[in-house]
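In our numbering, the protein residues as written are 6 to 426.
No residue lacks a Cβ here, since even glycine has one placed at the ideal position from N, Cα and C.
First up is the structure itself, then whatever we jot down about it.
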C-alpha cells in the first residue's frame, strides 16, 4: 500500500535532508506538524519558485478555473519547466466523491517532497487530512483529533472545507452499526465495536487459506462476530485476548462450545485459563499471517500486544493491536489488577514506540468515536506518554477513576475464559 505523508516524532529528521531546508518563512510554505514530505501553501511569490523547485519533486494545484489568475498559470508553467511533476485538481466544498478520489490518487502517486497549493492553504490542509484519514480508514472523529493535533489552519477556522472532509468519512458514533475494514491482497482486518463497553474486537483473516482469528471478542457480540466470520467464508482458528478485561466478559469460552476446534489464548503470566499460554516473543500463525506477541504489562500484569507486519502472506501496513496498554491519545489505567505506571510507561516506549512511525495502532477501546492512530501520532501527540516517566506516574496516580461497573463479574469470568463452571 503506497503512503503519502509520514508522521515523524518531534525532533526527528526526515530521510530527505534537503526537504528540511524548506521553511515557511523563506519560501512561503507550511510544513504541518508531524508530516515529513508534504508541504501546504497558498499563492507563492514568483521569486520563491526557483528555490521550491530545487527542493521539491511534485506540485498539486487545487485552484478552480474561476479563481486562477495569470500569475497562477505562470507559476505552474515555471514549475513544470523546472522539472516538477505538476497536476491540477480543482477542489472546493462542492467537489464530489469522484473528484476527491482523483485528488487522493494523485497525492498517493506523485513523488515526494510534494507541495499542495490553493489560494490560502486551507483547502491544501483539507486535502492532506483526507488523504491521511482515508489511508488509515479513520472515522470522522479520529480525523478531527489528528487535525487538531497537527494544528491545521482550516480545521481551527470552522468552515465549509471542514464539513467537506467530515462527510467523506464514516461517523464514529455509528461504529456499532457499520464495522470498518482494511483489505489487502493477503488479509482482511475488520474492526467491530461493542457500544456498551466501548470495546473493539478485531477479525483478522488470511485470504489465501481462509482461516481467521478474533482479538478481544465480547460475550454479548458473539452472534455478530461469528456471522461476520461466516460472511467472509473463514474458518475461525484462534481467539486472542490482550489481557484479562475488567469491563466486559470475553466470548472465547462460549465460542469454544459451538466451535470446539477454536483455540483460546492469553498471557501465561495472567494465570487465566486458555488453550494456549503466550509469552513475549511468541508467534501466532494463522494461515500465512503471523502476529508477533509483545508483552506490554502495566495496565495489568498480563497485557499483550499483537504486531502484524508486512510479509510474504500480507502486503499491507504494519499494525499493532495494543489492548489497553496504548489507547488513542491515552492509555489504560494502572490502579488495579497488578497495574504499575512505571512498568506501563516502559512497556509502551520499548515495545510500541520503537516501531516505525507509520505502524497503525488499533486499541481495545475508545470512548470518543475514534478508531485508529499510528505509532508516530502517539509518540508525538499522546497526552500522557509524551511526558517524562515521573510526570506520567504522577498523572496516573491522580486520575481518580471509578472502578468498571462489571469488574466483579468480568474479572472472575475472564480468568476462566469467560465461562464459570
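Residues bridged to residue i [DSSP beta-bridge criterion]
| i | result |
| --- | --- |
| residue 368 | 328 |
| residue 297 | 288, 312 |
| residue 186 | 195 |
| residue 220 | 207, 245 |
| residue 44 | 120 |
| residue 92 | 65 |
| residue 281 | 270 |
| residue 202 | BP columns for residue 202 are empty, so no partner. |
| residue 363 | The partner list for residue 363 (beta bridge, DSSP) is empty, contrary to what the question assumes. |
| residue 379 | 365 |
| residue 319 | 316 |
| residue 255 | 223 |
| residue 240 | 216 |
| residue 104 | Answer is none; residue 104 lacks a bridge partner. |
Whether residue i touches residue j by CB criterion (9 Å)
| i | j | result |
| --- | --- | --- |
| residue 279 | residue 270 | yes |
| residue 355 | residue 302 | no |
| residue 373 | residue 333 | yes |
| residue 133 | residue 37 | yes |
| residue 419 | residue 300 | no |
| residue 267 | residue 241 | yes |
| residue 324 | residue 386 | no |
| residue 213 | residue 321 | no |
| residue 431 | residue 102 | This structure leaves residue 431 out entirely; the chain is present only between 6 and 426. |
| residue 205 | residue 369 | yes |
| residue 217 | residue 239 | yes |
| residue 179 | residue 375 | no |
| residue 111 | residue 318 | no |
| residue 254 | residue 224 | yes |
| residue 154 | residue 382 | yes |
| residue 219 | residue 185 | no |
Buried versus exposed, by CB contacts within 10 Å (16 or more), residue i
| i | result |
| --- | --- |
| residue 423 | buried |
| residue 428 | Missing from the structure shown is residue 428; the chain here goes from 6 to 426 and no further. |
| residue 150 | buried |
| residue 79 | exposed |
| residue 395 | exposed |
| residue 286 | exposed |
| residue 27 | Note on residue 27: pLDDT 46, under 50, position unreliable in the model; the coordinate value appears next. Residue 27 should be labelled buried. |
| residue 91 | buried |
| residue 284 | exposed |
| residue 407 | exposed |
| residue 35 | buried |
| residue 82 | exposed |
| residue 141 | buried |
| residue 389 | buried |
| residue 46 | buried |
| residue 106 | exposed |
| residue 404 | exposed |
| residue 288 | exposed |
| residue 222 | buried |
| residue 71 | exposed |
| residue 415 | buried |
Identity of the residue in the options nearest residue i by Cα
| i | options | result |
| --- | --- | --- |
| residue 143 | 196, 110, 115 | 196 |
| residue 121 | 337, 42, 375, 420 | 42 |
| residue 250 | 190, 74, 339 | 339 |
| residue 84 | 104, 62, 273 | 62 |
| residue 160 | 130, 68, 217 | 130 |
| residue 164 | 253, 403, 128 | 128 |
| residue 126 | 154, 33, 288, 230 | 33 |
| residue 398 | 406, 414, 350, 208 | 350 |
| residue 228 | 248, 252, 247, 264 | 264 |
| residue 190 | 156, 155, 315, 154 | 315 |
| residue 274 | 203, 247, 115, 49 | 247 |
| residue 378 | 389, 363, 388, 119 | 363 |
| residue 187 | 177, 203, 209, 176 | 209 |
| residue 177 | 383, 107, 203 | 203 |
| residue 412 | 381, 252, 298 | 252 |
| residue 211 | 403, 327, 290, 89 | 290 |
| residue 109 | 66, 380, 231, 245 | 66 |
| residue 371 | 337, 400, 401 | 337 |
| residue 48 | 73, 116, 157, 87 | 73 |
| residue 118 | 138, 64, 136 | 64 |
| residue 326 | 104, 348, 296 | 296 |
| residue 215 | 221, 54, 243 | 243 |
| residue 427 | 39, 75, 71, 87 | Because residue 427 is not part of the residues shown, which for the chain are 6 to 426, the question remains open. |
Residue-chain proximity (residue i, chain D), Cβ-Cβ < 9 Å
| i | result |
| --- | --- |
| residue 152 | Considering every chain present, this structure includes no chain D. It has just one protein chain. |
Open item on the list: Using 8 Å as the cut-off, can you tell me whether the stretch 339 to 353 makes contact with the stretch 301 to 315, which would need three or more C-beta pairs spanning the two stretches below that distance?
Closed with: yes
TODO: Please confirm if the stretch 230 to 238 is in contact with the stretch 308 to 320, defined as three or more CB-CB distances below 8 Å between the two stretches.
DONE: no
- [ ] Spell out a yes or no on whether the stretch 356 to 376 and the stretch 322 to 333 are touching, meaning 3 or more CB-CB pairs, one atom from each, closer than 8 Å.
- [x] yes
Open item on the list: Could you check whether the stretch 155 to 172 touches the stretch 90 to 110, counting it as contact only if at least three pairs of C-beta atoms, one from each stretch, sit closer than 8 Å?
Closed with: yes
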